[in-house]
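In the working numbering, the protein residues as written are 5 to 118.
Below is one structure; the comments refer to it alone.
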C-alpha cells in the first residue's frame with residue numbers, strides 16, 4: 005500500500021472512531037483478499053472499504069468499487085467470520101474520501117450479491 009492509501013485509511017479509522025465505532029482490525033488479509041477496516045458498532049461487525057480520490061471528477065471514490073472488488077470483499081469477510089466462535093450481525097460500509105470530503109455509505113453491499 006502506498007503512503008496515500010495509508011493516510012486515507014488512518015483518516016477513515018479516525019473518522020469512524022469519532023462516530024462511535026471501535027476499530028477491531030486494520031488491513032486484515034487472507035489468501036483470497038483483504039479488508040481495509042473491521043469495526044464494531046455496538047454488537048454489529050462492520051467491514052469497511054476505504055476509497056480515496058482527489059476529486060469526484062472521474063466518477064468519484066464510490067464508483068471505483070468494482071464488482072470484482074465486491075466479490076473479493078465478500079470472500080474475505082466470510083473467511084474472517086469463519087474464524088469467530090459466534091457469527092455476529094454484520095454489514096458492509098464504504099468510506100469514500102474525495103479531497104477533504106468524507107462520505108460514509110452504510111450497508112452499501114449486499115452479502116447475497118455474488
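For every residue, glycine included, the Cβ atom is placed at its ideal position computed from N, Cα and C.
Which same chain residues, not among the five before or five after residue i, have their C-beta less than 7 Å away from its C-beta?
{"i": "residue 25", "result": "43, 44, 45 and 50"}
{"i": "residue 157", "result": "The structure shown has nothing for residue 157, since the chain only spans 5 to 118."}
{"i": "residue 17", "result": "27, 30 and 41"}
For residue i, which three-state DSSP category applies?
{"i": "residue 103", "result": "coil"}
{"i": "residue 10", "result": "helix"}
{"i": "residue 21", "result": "helix"}
{"i": "residue 74", "result": "helix"}
{"i": "residue 98", "result": "strand"}
{"i": "residue 79", "result": "helix"}
By Cβ distance below 6 Å, which residues in the same chain neighbour residue i in space, the five residues on each side in sequence not counted?
{"i": "residue 107", "result": "100"}
{"i": "residue 112", "result": "98"}
Mind checking which residues open and close the beta strand (DSSP E) that includes residue i?
{"i": "residue 46", "result": "Taken as a continuous stretch (DSSP letters only), residue 46 belongs to no beta strand (DSSP E), as it is neither H nor E."}
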